[in-house]
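These notes concern the structure reproduced below.
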Amino acid sequence: MEIADGGEIIRPDRKVELNASLVLILIITSVFVFALGIGMAFLIFSHQNQPAIPSPAANISPTLTPVARKPGILSGDAGALKLQGDLKTWLGEVDNLDLLEPQIAPPAIDLKINIQ
């Protein structure tokens, strides 16, 4: 063989040597890839025979009747109802509070610490 500028390509004629460990790795890899392909094909083709929407008869579950609950001890107490109303009023005031108001801003603390 010659190159365009007149030089030659030097190719040593040597054979590729495959040792036993390389052949073993190639066999194990090819068996793994083959098994992976068979598994993927099985998964793909096994899901095609199933219906897309399950039948409603298969999902019948008994419906439970709700348990009747008795009212709590404080449900009719005037003090508890007043406290609950006051809490709702206070929460409404807190929700409408502007956090940038100067009256609720924290005070500036200047301790005048000198480190020498």
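Counting with my numbering, you get residues 43 to 158 for the letters of the sequence shown. Ideal placement from N, C-alpha and C gives every residue a C-beta, glycine not left out. None of these values were measured; they are calculated from a predicted model.
Looking only at its own chain, which residues have a Cβ that is under 7 Å from the Cβ of residue i, when we skip the five neighbours before and after it?
| i | result |
| --- | --- |
| L141 | none |
Since residue i is in the alpha helix (DSSP H), which residue starts that stretch and which ends it?
| i | result |
| --- | --- |
| K130 | 120 to 137 |
| A83 | 62 to 88 |
Since residue i contacts residue j with CB under 8 Å, what's their CB separation in whole angstroms?
| i | j | result |
| --- | --- | --- |
| A122 | L116 | 4 Å |
Just mark residue i as buried or exposed, buried being the case when its beta carbon has 16 or more other beta carbons within 10 Å.
| i | result |
| --- | --- |
| L139 | exposed |
Would you please verify whether the beta carbon of residue i is less than 7 Å from any beta carbon of chain C?
| i | result |
| --- | --- |
| V136 | Absence of chain C from the displayed structure is noted, only one protein chain being present. |
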